[in-house]
Structure formats: C-alpha cells, structure tokens
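K.L.:
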Amino acid sequence: MIVYFPVIYPDELVYSWFCRYYVHSGCFSHRIAMQELFCKRSDNASKEFIGNLNPEAKKQIEQIYSLDKLIFNHTMYPQYARFIPLEQKKKALYHLKHDFCDIHYLLPILPRNEGERYLRYCPLCAKEDRETYGEAYWHRKHQIRSICTCAKHKCKLIESDVPAKNEQSFTFCPAENHICQNEAVFEDNILMNQYAAYFNLVFDAMMDFENNIPISSILYDGMSRTKYLKPSGRSRHTKMLAEDMNKFYSKMGICSLASIYQIQRTLLGSGFDFFVTCQTAFFLGIKLEELTLPSLTAEKIKQEQNSHYMKDSVPVDWDLLDTENAPVLEKIAEGIYSGTANENGKPERVSERLVYRELGLLGQQLQNMPKCKAIFERYTEPYPENWARKIIWAYKRLKESGEDFCWTDIRKISGVKKKNFESTIPYLMKHTDKDTIDQIIALIE
Ligand SMILES: [Zn+2]
Numbered sequence: 000m001i002v003y004f005p006v007i008y009p010d011e012l013v014y015s016w017f018c019r020y021y022v023h024s025g026c027f028s029h030r031i032a033m034q035e036l037f038c039k040r041s042d043n044a045s046k047e048f049i050g051n052l053n054p055e056a057k058k059q060i061e062q063i064y065s066l067d068k069l070i071f072n073h074t075m076y077p078q079y080a081r082f083i084p085l086e087q088k089k090k091a092l093y094h095l096k097h098d099f100c101d102i103h104y105l106l107p108i109l110p111r112n113e114g115e116r117y118l119r120y121c122p123l124c125a126k127e128d129r130e131t132y133g134e135a136y137w138h139r140k141h142q143i144r145s146i147c148t149c150a151k152h153k154c155k156l157i158e159s160d161v162p163a164k165n166e167q168s169f170t171f172c173p174a175e176n177h178i179c180q181n182e183a184v185f186e187d188n189i190l191m192n193q194y195a196a197y198f199n200l201v202f203d204a205m206m207d208f209e210n211n212i213p214i215s216s217i218l219y220d221g222m223s224r225t226k227y228l229k230p231s232g233r234s235r236h237t238k239m240l241a242e243d244m245n246k247f248y249s250k251m252g253i254c255s256l257a258s259i260y261q262i263q264r265t266l267l268g269s270g271f272d273f274f275v276t277c278q279t280a281f282f283l284g285i286k287l288e289e290l291t292l293p294s295l296t297a298e299k300i301k302q303e304q305n306s307h308y309m310k311d312s313v314p315v316d317w318d319l320l321d322t323e324n325a326p327v328l329e330k331i332a333e334g335i336y337s338g339t340a341n342e343n344g345k346p347e348r349v350s351e352r353l354v355y356r357e358l359g360l361l362g363q364q365l366q367n368m369p370k371c372k373a374i375f376e377r378y379t380e381p382y383p384e385n386w387a388r389k390i391i392w393a394y395k396r397l398k399e400s401g402e403d404f405c406w407t408d409i410r411k412i413s414g415v416k417k418k419n420f421e422s423t424i425p426y427l428m429k430h431t432d433k434d435t436i437d438q439i440i441a442l443i444e
C-alpha cells in the first residue's frame with residue numbers, strides 16, 4: 000500500500016519522482032515498489048512518461064496532482080507531441096491518462112543518437128538541488144533530444160550511467176545515487192547556448208489544442224523568407240537546405256543531425272519529430288512565437304499543402320535516390336530486425352509498409368530502386384520466422400533475469416500466441432540451438 004508520496008520538484012520527471020518515492024517509502028525491493036505503482040508484473044517504470052499505473056496508485060496520485068499536470072509538466076509529452084497533428088495529440092493524451100498502451104503507437108519516438116542514450120544532468124543544477132531540496136533529481140529539460148547544454152547555467156550536460164530507454168527498466172535509479180559531483184564545463188559557443196535556449200523555450204511553450212496548423216506550413220512560411228524556397232513558392236531546395244544545416248550543426252559540434260530524409264518528411268507533412276523540426280526552424284531563423292503560436296491564414300496553409308505535389312512534375316533521379324537511400328535503409332532495417340532500434344529491444348519484422356514510410360515513397364516506387372529493394376528483401380521474413388525470433392529473444396531475456404518463468408511470460412513479452420507456436424518450429428531451428436528449442440517446447444507443454 001502506498002503511504003507517502005514526496006512533493007514533486009519543478010521540471011522533475013515522473014520517473015525521478017517515483018525513484019524518490021521508492022527511496023523514501025523504505026520499500027524493500029524495486030519489484031515491491033513497482034507492484035505498488037503499476038498494474039502488471041511485466042510493467043516497468045517509464046523514464047519519459049508515467050507508466051501503466053494501477054487504479055489504486057492512480058487514485059492516490061490524483062489526490063495530490065492531476066494527471067494533466069503530471070503529463071504536461073513532468074513527462075516528455077511536450078517534446079514528442081508538440082508538432083504532431085491535433086487529433087493524434089489528443090489521442091495520445093487520452094491514452095496516457097485513461098487507457099495505457101505502448102507509447103510507440105501514440106507518439107513518434109526516434110531511435111536514440113549518440114549522447115541521448117543515458118539520462119543526463121547538469122552539475123550546477125544538481126548542486127543547487129542538493130542545496131535547496133537536500134537531494135538531486137532528474138530534470139526533464141536535460142533530456143530533450145539533441146541539446147548538449149543546460150539552458151540555465153550554460154554548461155555542458157553530463158551523461159549518467161542510467162539508460163534513457165523507456166523499456167526494460169525494472170529498477171529505480173534515483174538521481175541522488177547516480178549523479179556525481181562533477182566540475183561544470185561551461186559552453187563558450189554562443190550559438191550552442193542559443194540553440195539550447197530555443198529548444199527549452201519551445202519545450203516549455205503552451206501547447207495548442209485548438210488550431211491545427213501543420214508544422215510543414217509553418218516551416219514553409221519560414222522558408223519563404225530564405226533562398227531555400229523558389230520565388231514561385233512551388234518547390235523547395237531541400238537538398239541544399241539539408242546540406243547547409245548539416246554543415247552548420249556539425250561545426251557547432253551537435254551529435255544528432257537531422258538527415259535529409261527526416262527534413263524532407265517534415266517539410267512534406269509526414270514527419271513531426273521535435274528535434275528535426277526545432278533544428279530546421281532554428282536554422283531558418285523562425286521566431287519562437289511563429290513556431291509555437293503560429294497565425295497562418297487558411298490561404299497560406301493551402302498554398303503550402305498544394306506545393307507538396309509540385310515536386311512530382313520534376314523528373315526524379317531514381318539512381319541517385321536509390322544510392323543515397325540505401326545506406327540509410329540498411330541502418331533502419333538492421334535496427335528494426337535485430338531490435339536494437341526498438342525501445343524494448345524486441346526484434347521486429349521489416350515490412351514493405353515500413354520501408355515505404357521511412358523513405359517517404361509512394362505506390363510502387365521501390366521498384367525503381369534496386370539497391371533499396373535488395374536490402375528490403377534481405378531483411379524481410381515470413382511472420383512465423385519473426386515470431387520464432389521473438390520467442391527466442393523473450394526466452395533469453397527471461398533466462399537472463401535469473402527468475403523462474405513459464406510460457407505465459409514468454410507469450411506476454413514476445414506477443415506470440417500459443418496457437419501460432421507450431422508454425423515457428425522450423426524457424427526456431429534456423430535461429431537457435433536444439434537445447435534451447437527443447438527447453439522452450441518443455442515450457443509450452
Ligand atoms: Zn543547470
């Protein structure tokens with residue numbers, strides 16, 4: 000039974016708050032603390048969101064803080080949901096509050112780049128927190144993707160040893176135990192500090208739940224004042240924009256660089272990522288309020304929407320597109336197939352739909368790209384084969400945990416139903432040894 004929740008600190012992640020709850024409540028084990036908070040045994044703590052709270056915990060929490068307050072002020076929702084279309088934004092909020100489901104179905108969460116894989120902190124914020132509150136905590140704004148400095152202190156953020164992944168976190172890692180007393184290293188690059196400040200302000204700005212102005216229209220408007228949009232307004236110089244952005248940000252020393260495809264998708268209204276959008280907007284000199292409180296006329300929005308189709312009239316250089324896309328697709332497909340790109344680490348099936356979505360292709364366009372097509376064919380597999388790989392993955396994961404488990408645990412983690420098991424047997428043989436197969440079969444019987 001939950002007896003006591005500490006006060007949540009400004010900009011503190013809910014995860015950090017739960018970590019402190021675990022410490023202060025004197026719970027004997029992480030598992031007991033998790034059981035007090037979450038619904039099922041397989042639920043884990045979410046680093047960036049709230050997690051699957053059980054009704055009792057939810058009720059107690061709501062007596063202190065509303066879920067809205069927690070979501071808007073203490074999770075990374077304002078980052079991931081900021082630029083997605085209005086309906087999707089509302090839907091994600093609803094599910095976070097009332098009907099828990101995998102966050103990846105709700106929000107675009109890109110694989111993490113170098114420098115984003117662990118929870119980060121600012122040594123000066125930690126020092127101040129220890130002085131003010133007697134303990135350090137995990138701040139949200141230090142976790143914003145692609146920024147490297149604390150906007151408040153203008154010093155470099157430090158990576159802790161706590162993974163930032165939302166999944167697979169079955170322990171609480173309180174900041175107080177994981178933040179060292181480091182010397183602050185100040186950032187002397189003015190641009191870098193402006194960049195961090197810009198991201199922080201966008202992150203903090205009120206979110207619009209009334210108007211549905213596509214982010215592609217806002218960026219188009221910003222581009223219309225630059226050389227990246229032809230005077231006719233009919234086509235964008237996306238390649239030039241992406242190359243210039245790349246040079247600009249590489250020189251600044253930023254590790255997460257938006258790729259040409261990510262920029263293109265955002266400009267054409269099918270990508271909504273926070274860091275890609277902010278990076279593009281900052282580069283184009285779009286003012287904060289233009290980005291967060293836009294006032295575009297319906298006519299301007301229409302003009303931008305119409306421009307999406309103009310590029311079709313320009314002949315596409317398929318060879319070039321194929322060559323440029325191949326290494327990108329290889330990386331994406333490998334990450335999805337092996338599971339390393341997936342937050343939960345589960346090996347997924349590389350589908351044609353996914354390739355089309357990732358590369359922003361239409362109709363049968365993959366036929367024009369032999370290199371990409373070959374990569375897709377190399378990674379794709381029948382469903383039973385993917386199920387087999389998921390079962391093996393789940394089995395190994397459970398085995399590593401060192402605790403007893405049964406078929407139900409494998410089913411829950413892998414998502415593979417018992418009735419489908421038989422079809423996976425030939426593929427189990429392909430992907431693992433006989434011993435492992437025997438042990439899995441013994442579990443199911
Ligand atoms: Zn700081």
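Residues in the sequence shown are numbered consecutively from 0, following numbering that gives the first Met the number 0. For each residue, glycine too, the CB sits at the ideal point set by N, CA and C.
#1: Return the first residue and the last residue of the alpha helix (DSSP H) that tyrosine 132 is part of.
#2: Ligand 1 heavy atoms versus the CB of histidine 307: any closer than 6 Å?
#3: Can you tell me which residues form a DSSP beta bridge with proline 162?
#4: Please confirm whether leucine 256 and asparagine 245 have their CB atoms less than 7 Å apart.
#5: For a quick check, are the C-beta atoms of isoleucine 217 and proline 107 less than 7 Å apart?
#6: Any idea what DSSP makes of cysteine 154, helix, strand or coil?
#7: Apart from the five residues just before and just after isoleucine 374, which ones in its own chain have a Cβ nearer than 7 Å to its Cβ?
#8: Pop quiz: methionine 75 and phenylalanine 99 are said to be a contact at Cβ under 8 Å. What is the actual Cβ separation, rounded to whole angstroms?
#9: Could you round the C-beta distance between leucine 52 and phenylalanine 37 to whole angstroms and report it? I think they count as a contact, below 8 Å.
#10: Indicate the three-state DSSP secondary structure (helix, strand or coil) for arginine 235 in the structure shown.
#11: Report buried or exposed for valine 313, applying the criterion of at least 16 other Cβ atoms within 10 angstroms of its Cβ.
#12: Closer than 6 Å by C-beta to isoleucine 439: which residues in its own chain qualify, once you throw out the five before and the five after it? Chain order, please.
#13: Using DSSP bridges, identify the partner residues of threonine 148.
#14: Assess, as a yes-or-no matter, whether the segment 58-68 is touched by the segment 176-186 under the definition of 3 or more beta carbon pairs within less than 8 Å.
#15: Shortest alpha-carbon distance to proline 173 belongs to which of Glu11, Ala387, Leu319, Glu399?
#16: Which residue comes first and which comes last in the alpha helix (DSSP H) that contains proline 230?
#17: Measuring straight from C-alpha to C-alpha, what distance separates lysine 370 and glutamate 289?
#18: What's the gap between the Cα of cysteine 26 and the Cα of phenylalanine 169?
P.N.:
From the atom records:
#1: 122-132
#2: no
#3: Tyr117
#4: yes
#5: no
#6: strand
#7: Ala325, Leu328, Glu329, Ala332
#8: Not confirmed; about 16 Å, so no contact.
#9: 6 Å
#10: strand
#11: Unreliable positioning characterises valine 313 in this predicted model, as indicated by a pLDDT of 48, which lies under 50. A coordinate reading is not provided.
#12: Tyr394
#13: Lys155
#14: no
#15: Glu11
#16: Looking at the DSSP string, proline 230 is not in any alpha helix (DSSP H), and its letter there is neither H nor E.
#17: 41 Å
#18: 14 Å
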